[in-house]
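Q: So the numbering used here is basically just the index in the sequence shown, starting at one, shifted up by 727. Virtual Cβ for every residue (Gly too), placed ideally from N, Cα, C. Would you mind keeping the following structure in view while I ask a few things?
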Amino acid sequence: MKFAKTLIEAGAMVDVKDPQGKTPGDWAKERGSYPTYEAAVRAKEGKAKEPFSPMVRNRIIYALPFLEIPMVLFLFDTLPWFVAIPAVIILVGLITVYFTVRYLLRKGASTKIVETPFSTSIPQASIFYAGVFWLQILPATGFMYLRHLMFLVCFPLTLYLFYNTNTTDPGYLRKASVAEGEHKETIIALAEDGTLSARTYCTTCAIRKPLRSKHCKICDRCVSKFDHHCPWTMNCVGENNHRMFMSFVAMMPITMFILLSIVYQYFAVSIPASQPISPTCFLPYEICQAFAFDTKLVIFSIWTFFNSLWITFLLGSQSYQIAVSLTTNEMVNWHRFSYLVNPEDAELPPYRKRKLNQFDGGIVRNCADFWKIGAIGGASGDMKKGGGWKQMYVVGPKYEKVMEA
């Protein structure tokens, strides 16, 4: 549908019929792409004009989580829990679904929410308010100088790693010059070699795709050694920034768990023994006292804990993939890549194929290759000399393996 959208935006007629009497809309229905087709037509007809310019719209969307978090905390602080919970659900639904999707990104508009700064603003707002709450409890917990010192080191380091992951080129591949006919030479060379396919040639970037690369539909670029597109950093994770991403994923939960330990001690020394509790609180007495003493801090701590928990799971998942020398894309779609499938199983259905990881050199070597510890990793030095994965189109002799029968 990408080409169809481009043609529609360029003014192509949508009511022309082919020899079978079918219109473009009929073809879209048969292929299950009619909603996308209809949205493109509506956008062209001006029925889905966005209310703001892209720059203003993105600034508004970016600010939403910074406004939502204090609003949610305020509702929990001022309303009984059985009223606050549905109120928060309604508030988040109105802001996220109605205001953002239905108004700022009206149906038929070309921009999707994943292409806006909304997702990346959530962790940024969380980190910002973590700093605010730390300043709030600092006077009462000043005696915990070691933990505060650790937080002072980890907090700015987390911000540094996040913004570097967000802004670093993940390994974008240069697009071919269609005007100079560069793409034709590539197509002819691949066709003559018998390797022309969607796995080896990107029709959008008009280039030969290196090994382990992938075209990101959101960034609209091919990325070298593509791992995944991360909505939280609003950037792809690839050859150039994967180490930075892993460092951020490791540092984020460490920083937040340090903060949570300070918060726990803050409640331990600050809540008076006679602190009254809400009659509707059904949790253990000490937790009810904490809610009554500082509801906002408790709710934010719960939010921080669960965010840190899933990031810890992400860290474990990514660490395992590094240990076996596979990217997220390869881990999910390995049966689609010929270089990860036993040659004997090439023609078999996916569920019968056997995996053959050409790049697995053992945990120590795989980790050394990823972190570019050249003295241990055998491939890292070769990657640097050869221009990295951007210049690798076939599995080299270093990686070739034979599957035992």
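According to DSSP, is R948 part of a helix, a strand, or is it coil?
A: Per DSSP, reduced to three states, the secondary structure at R948 is strand.
Q: Nearer than 6 Å: is that true of the beta carbon of T1031 relative to any heavy atom of the ligand HEM?
A: With respect to small molecules bound, the structure shown includes none, and the ligand HEM cannot be examined in it.
Q: Quick test of your reading: V1051 and N1084, contact by CB under 8 Å. State the CB separation rounded to the nearest angstrom.
A: 7 Å
Q: Quick one, which of S760, I796 and A1095 has its alpha-carbon nearest I1049's?
A: A1095
Q: Excluding the 5 residues preceding and the 5 following F882 in the sequence, name in chain order all residues of the same chain whose CB lies nearer than 7 Å to its CB.
A: G858 and T982
Q: What are the start and end residues of the beta strand (DSSP E) that includes V964?
A: N962 to V964
Q: Considering only DSSP beta bridges, list what R935 is partnered with.
A: Y928
Q: Figure out for me which residue from A1017, T827 and L917 has the closest Cα to the Cα of E795.
A: T827
Q: Which residues bound the beta strand (DSSP E) around H955?
A: Segment H955 to C957, the beta strand (DSSP E) holding H955.
Q: So what does DSSP say about S899, is it helix, strand or coil?
A: Strictly speaking, residue 899 in this sequence is Tyr, with Ser absent from that position. It is a strand residue.
Q: For a test of the three-state rule: what should DSSP assign to C943, helix, strand or coil?
A: Of the three classes helix, strand and coil, the one that applies to C943 here is strand, per DSSP.
Q: What are the complete alpha helix (DSSP H) segments, minimum 4 residues, inside the stretch 992-1078?
A: 1012-1020, 1022-1050 and 1055-1060
Q: Mind checking if F994 is an interface residue toward chain B, Cβ cutoff 7 Å exclusive?
A: Absent here is chain B; the protein component of the structure consists of one chain.
Q: Rounded to the nearest angstrom, what separates A1065 and Y872 at their Cα positions?
A: Strictly speaking, residue 1065 in this sequence is Ser, with Ala absent from that position. Their backbone Cα atoms lie some 55 Å apart in a straight line.
Q: Does K1082 come out as helix, strand or coil in the three-state DSSP assignment?
A: Looking at K1082 - three-state DSSP - the assignment turns out to be strand.
Q: With C-beta atoms as the reference, is D896 less than 7 Å away from T1054?
A: no
Q: In whole angstroms, what is the alpha-carbon distance linking M877 and K1082?
A: 44 Å
Q: For R948, count the other beta carbons within 10 Å of its own beta carbon; 16 or more makes it buried, fewer makes it exposed. Which is it?
A: buried
Q: Here's a check: name, in chain order, each residue in its chain whose Cβ is nearer than 7 Å to the Cβ of V990, leaving out the five neighbours to either side.
A: I864, L1024 and S1028
Q: By how many angstroms is the C-alpha of A766 removed from the C-alpha of T750?
A: 16 Å
Q: With DSSP as the reference, label M978 as helix, strand or coil.
A: helix
Q: For the 8 Å Cβ check, are there 3 or more pairs between the stretch 965-980 and the stretch 1037-1044?
A: yes
Q: Return the chain-ordered list of same chain residues with a C-beta closer than 8 Å to the C-beta of Y830, the five sequence neighbours on each side being excluded.
A: These residues qualify, in order along the chain: P778.
Q: Decide if E966 is buried, meaning its Cβ has at least 16 other Cβ atoms within 10 Å, or exposed.
A: Classification for E966: buried.
Q: Leaving out the 5 sequence neighbours to the left and right, which residues in its chain are closer than 7 Å to C1015 when beta-carbon positions are compared?
A: I1004, S1005 and C1008
Q: Assuming contact is defined by CB atoms lying nearer than 7 Å, are V815 and L802 in contact in what I supplied?
A: yes
Q: In angstroms with no decimal places, state the Cα-to-Cα distance between A811 and V819.
A: 12 Å
Q: Given H956, which residues of its chain have a CB within under 6 Å of its CB, disregarding the five upstream and five downstream residues?
A: C943, I945 and C963
Q: Can you give me the C-alpha to C-alpha distance between A916 and P792, rounded to a whole angstrom?
A: 50 Å
Q: Thinking C-beta only, is S940 closer than 7 Å to S951?
A: yes
Q: In three-state DSSP terms, what is F870?
A: coil
Q: Hey, how far is the Cα of G1088 from the Cα of P937?
A: 21 Å
Q: Straight-line CA distance for W1030 to S853?
A: 9 Å
Q: Mind checking G898: buried by the 16 CB within 10 Å criterion, or exposed?
A: Buried, by the Cβ-count rule.
Q: Closer than 8 Å by C-beta to S988: which residues in its own chain qualify, once you throw out the five before and the five after it? Chain order, please.
A: R874
Q: Expressed to the nearest angstrom, what Euclidean distance is found between the alpha-carbon atoms of K774 and T763?
A: No answer about K774 holds up, because its pLDDT of 49 lies below 50 and its placement is not dependable.
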